[in-house]
Amino acid sequence: MAFELRRRLRLSVLVGAIALTMSLGGCQSDDEKVQGFVARGTEYSDAGKYNEAIIEFKNALQIDPNFAAAHEGLATAYLKSDQLMEGYWELSETVRLDPDNIDARLTYATLSLAAKRNEDALAQAEAIVKLDPNSGPGHLLLGQAYANLDRWDEVAVPLERAVELQPDDASYRVVLATYYGSHGRPADAEKQLLEGIERDPQAILWTMLGRLLFDQERFSESETAFMNALSLAEKAAAEAGDEPEPAELAQAYQNLASFNFQRDNAAKGIEILEQGIEKSKNRGELIGLLARYYRSQGNFEAANALIEKSTEYDPTDPEPFLTVSGLRGQSGDLDGALAAAEQAIAADPKHIKARLRKAELLIDIGTRKNEPAKLAEGRAIVDQVLAEDATNPDGQFVLAKVEIASQNIDAGLVALRTALDARPNWGQAHYVLGSALLLSGDAPRARAELARAVELEPGLHDARRLLVQIHAELGEHEYAIENGQRYLEIRPEDDRTRITVAQSMVRLGKLDEAIAIVEVIPEDRQNVDVLFAIGRLQTAKGDVAAARATMLKADGLRPNNAKILTVLLELDRAEGKIGNSVKRVNDAVAASPEDAELWQLKGVVTMMTGDTTAAESALEKAIELDPNGLAAYQHLARIYASTGRMPETITLYEQAVQKQPENAGANHFLGVLYEMSGQTDKARQQYELALKADSTLGESKNNLAYLMAESGEDLDRALKLAQEAKAAMPESANAADTLGWVLYKRGVASAAVGYLREAIQIAGPDDPAIGEIRTHLSLAYEATGEKDKAILTLEEALVDVERLKQSGRLTSDPPWVANARIQIERLKSAG
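For the sequence shown, the numbering used here begins at 2 and goes up steadily by one.
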């Protein structure tokens with residue numbers, strides 16, 4: 002469906018461009034330029050040259066920012082080059098400027114559902130069915146949007162209408178039957194499936210019917226349905242001839258076997274699997290299932306015998322040996338897997354998959370055991386295969402693994418994309434591509450590839466583990482939790498992922514759940530990282546005594562660690578025991594005098610005692626040890642600002658930048674000083690220079706994006722910078738606030754709300770900036786029509802100010818306070 006929508010999207014761009022050319026042929030030169038850019042962009046996009054297409058469409062938008070066809074073409078190019086977020090935003094502009102564009106709305110709604118932006122998906126689906134009441138896809142999306150929003154009472158009507166409009170499309174009936182079956186309407190689900198079978202008998206319909214009947218304990222009818230599914234799958238396999246066997250055949254054998262296993266008829270289940278092993282070319286999955294059954298019964302001898310027996314069906318057939326190699330590899334027996342791959346080559350020396358399997362294993366073993374000779378041997382095999390056929394996707398895949406193992410990430414990415422061009426639904430390749438993109442620092446695209454990998458192959462557990470990590474880093478905590486819980490069901494011993502999931506739970510305010518998920522880690526596995534995570538959770542819950550005991554235990558295992566000492570400082574401060582931290586930090590600095598983080602911490606704790614001179618000295622030492630330690634610069638800046646030495650500080654850092662023009666940290670800090678002194682143009686210039694020296698500086702991206710949003714200039718780039726800053730600093734309140742503010746300025750207030758709420762949660766009640774963040778959130782609420790929330794948020798901001806003034810963290814009202822009071826009165830009057 003997605004491919005068809007994108008095809009229509011591309012055609013609509015071309016039609017729009019042609020129509021414009023015909024109607025405005027005699028207009029001004031700017032219009033002609035726009036038409037030319039769009040036409041060339043469309044040609045490039047059709048030819049698969051998406052980067053060139055993006056440039057052309059952007060050129061058109063430079064002249065006419067409101068040209069809907071250019072936004073639509075740019076969205077298409079972004080989506081086809083896997084820049085999903087950019088494509089998503091361009092689609093939002095397309096439907097805003099061209100509200101009658103149903104194709105764009107369909108794609109936008111589909112992406113919104115995939116991104117869990119359910120309110121946006123619902124709005125688009127409602128608009129589609131209003132524009133075209135006979136749109137089957139529109140009604141299907143409407144029903145799915147209602148379902149995602151838990152508006153279950155409204156789901157049935159649009160889904161039923163979708164089936165009415167597309168009666169011969171089995172996928173529509175599957176969705177409707179699934180809804181009926183999960184909401185206490187099994188008779189309606191059965192009716193849908195039977196009607197679909199009557200129109201076009203398909204294995205998937207019989208399979209769903211079998212499961213539905215099984216749940217109703219209508220076992221005889223259920224078995225008949227599974228047998229009918231198998232019969233259709235066998236027929237489809239026979240009709241395939243020399244073509245690859247349809248995957249549904251092996252799946253049908255599995256379903257029927259599973260039915261018998263669940264009915265305690267193991268002998269029948271084994272018989273069916275053995276029959277499938279004899280008849281199906283894709284017997285590897287069936288052998289694996291039967292082997293796992295034997296192992297579940299403790300019959301490891303039978304399982305091993307089955308695996309070995311699979312190689313006896315045809316000694317000239319390398320496939321069974323490859324199956325054995327795969328199973329051994331999955332169990333961690335790489336040497337055994339390599340031996341089986343060599344047997345496959347012996348069966349057919351020219352068999353490309355067998356040769357590449359051997360190469361892949363040599364690469365994996367060489368990488369894990371640091372044996373360059375095996376890596377070289379594996380590469381030689383790959384080079385030979387690709388010399389015979391440079392387009393071979395398996396060869397490109399293994400080549401990518403060689404390149405990545407050799408730290409040639411860019412070459413690995415090229416090889417993987419070549420492999421996926423030939424085989425787009427290859428889960429393992431998407432997984433490796435996602436891993437490589439993550440290594441290259443492109444987390445958003447890595448996320449898209451890994452999500453696709455687990456969608457195609459749910460058993461790719463390592464891909465899901467990385468996906469959890471990326472979701473958490475990007476601040477997508479709901480997805481991190483969802484995928485993390487699924488992953489931990491399979492690998493409950495992965496404590497690192499468990500901690501990541503717990504941290505995401507904290508971000509969503511699910512503190513008790515976070516503590517519960519971490520506390521199951523047994524004591525013998527509670528290393529420093531686990532203890533640190535538990536201590537942080539106890540701190541967040543307010544259990545100071547427990548947190549202190551946990552952190553002191555962690556400190557005993559890893560003494561003089563700045564992160565542990567920082568948490569202990571928080572606890573000492575809460576109990577008025579700063580003296581304990583002063584001694585602890587001084588002892589740590591004495592023990593590790595070259596640790597910049599410890600000197601920075603000394604500066605912080607000394608500042609708390611009121612000794613700004615000693616704090617300044619400690620922070621300068623931290624900067625001397627680590628010139629790129631931005632936190633030390635920030636703390637030092639506060640001291641300078643508080644002592645009225647801003648001009649002196651700016652002069653000092655201007656000299657430093659002149660001496661070290663490539664020093665990213667110095668450029669960034671000078672930008673901060675310019676910003677603090679109100680010289681925003683100079684600040685932007687310094688942030689640009691900082692990013693030129695180090696393109697990974699999240700704070701420079703964040704600050705630059707904020708200033709651009711404030712000025713309203715180049716909001717597209719501001720959004721990109723803010724997104725990258727959020728990915729680099731997922732736990733930063735500033736980054737969440739900036740991204741939300743840019744989205745608001747860009748006119749996407751509904752998306753801004755979530756990030757601004759996250760910023761408030763991360764900042765906490767003692768952050769002097771929390772009030773200003775609330776003013777941003779208030780504006781976003783007002784833009785979404787939630788005036789009551791806007792008023793409440795501003796009132797909370799004023800309460801924050803008074804509390805912070807009483808605590809001494811603020812000495813006077815910030816500049817925004819007066820305007821906030823006016824805003825409250827205006828909103829109340831409007832209400």
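Even glycine gets a Cβ: it sits at the ideal position worked out from N, Cα and C.
Where residue i falls: helix, strand or coil (DSSP)
{"i": "D789", "result": "helix"}
{"i": "V403", "result": "helix"}
{"i": "A753", "result": "helix"}
{"i": "F68", "result": "coil"}
{"i": "P816", "result": "coil"}
{"i": "A48", "result": "coil"}
{"i": "T392", "result": "coil"}
{"i": "G367", "result": "helix"}
{"i": "P766", "result": "coil"}
{"i": "L626", "result": "helix"}
{"i": "T607", "result": "helix"}
{"i": "M228", "result": "helix"}
{"i": "E218", "result": "coil"}
{"i": "I771", "result": "helix"}
{"i": "M730", "result": "coil"}
{"i": "L720", "result": "helix"}
Cβ shell of residue i (< 7 Å), same chain only, five flanking positions each side left out
{"i": "V545", "result": "L572, A575, E576"}
{"i": "T567", "result": "L602"}
{"i": "A541", "result": "V507, L512"}
{"i": "N67", "result": "L98"}
{"i": "D169", "result": "R200, D201"}
{"i": "D768", "result": "A734"}
{"i": "L214", "result": "E222, S223, A226"}
{"i": "T794", "result": "R775, L778, S779, Y782"}
{"i": "E249", "result": "A204, A234, A237"}
Unbroken alpha helix (DSSP H) run spanning residue i, endpoints
{"i": "L708", "result": "699-712"}
{"i": "N305", "result": "301-310"}
{"i": "L489", "result": "478-491"}
{"i": "A420", "result": "410-423"}
{"i": "K578", "result": "Counting along the chain, K578 falls outside any alpha helix (DSSP H), and DSSP gives it neither H nor E."}
{"i": "K542", "result": "529-542"}
{"i": "N735", "result": "734-746"}
{"i": "P350", "result": "It is not in any alpha helix (DSSP H) - P350 carries neither H nor E in the DSSP assignment."}
{"i": "R446", "result": "444-457"}
{"i": "R549", "result": "545-558"}
{"i": "S505", "result": "496-508"}
{"i": "T179", "result": "171-183"}
{"i": "T644", "result": "Where T644 is concerned, there is no enclosing alpha helix (DSSP H), given that its DSSP letter is neither H nor E."}
{"i": "E244", "result": "Careful: E244 lies outside any alpha helix (DSSP H) and carries neither H nor E."}
{"i": "T324", "result": "320-331"}
Residues near residue i in its chain [Cβ-Cβ closer than 8 Å; skip 5 each side]
{"i": "V606", "result": "L570, I579, S582, V583, V586"}
{"i": "Y654", "result": "A667, F670, L671, L674"}
{"i": "R559", "result": "V529, I565"}
{"i": "A251", "result": "G277, S281, N283, R284, E286, L287"}
Cutoff 6 Å; reference residue i; Cβ partners in own chain excluding five residues on either side
{"i": "G330", "result": "A338"}
{"i": "S751", "result": "T785"}
{"i": "S441", "result": "I410"}
{"i": "E826", "result": "none"}
{"i": "L142", "result": "A110, A126"}
Cβ of residue i within 8 Å of any chain B Cβ
{"i": "E240", "result": "Absent from the structure: chain B. Only one protein chain is present."}
Hey, is the region 703-718 in contact with the region 727-747, meaning 3+ C-beta pairs nearer than 8 Å?
-> Between the region 703-718 and the region 727-747, the count of Cβ pairs shorter than 8 Å is three or higher; the stretches touch.
At least 3 beta-carbon pairs within less than 8 Å: the region 677-691 vs the region 48-61 | no
Mind the definition here: the region 460-480 touches the region 505-517 only if three or more C-beta pairs lie below 8 Å; say whether that holds.
-> Because the criterion of three Cβ pairs below 8 Å is met, the region 460-480 and the region 505-517 touch.
Would the region 148-158 and the region 125-139 be scored as touching if the rule is three or more Cβ pairs under 8 Å?
-> no
Does the pairing of the region 303-321 with the region 247-267 give three or more beta-carbon distances under 8 Å?
-> no
Is it a yes or a no for the region 743-761 touching the region 780-797, going by three-plus beta-carbon pairs under 8 Å?
-> yes
Could you say if the region 121-128 and the region 754-762 meet the contact criterion of at least three C-beta pairs nearer than 8 Å?
-> no
Indicate whether the contact test is met: 3 or more Cβ pairs, each with one atom in the region 428-440 and one in the region 404-419, closer than 8 Å.
-> yes
Check whether the region 482-498 touches the region 454-465, taking contact to mean three or more Cβ pairs, one atom from each stretch, closer than 8 Å.
-> yes
Spell out a yes or no on whether the region 353-372 and the region 314-326 are touching, meaning 3 or more CB-CB pairs, one atom from each, closer than 8 Å.
-> yes
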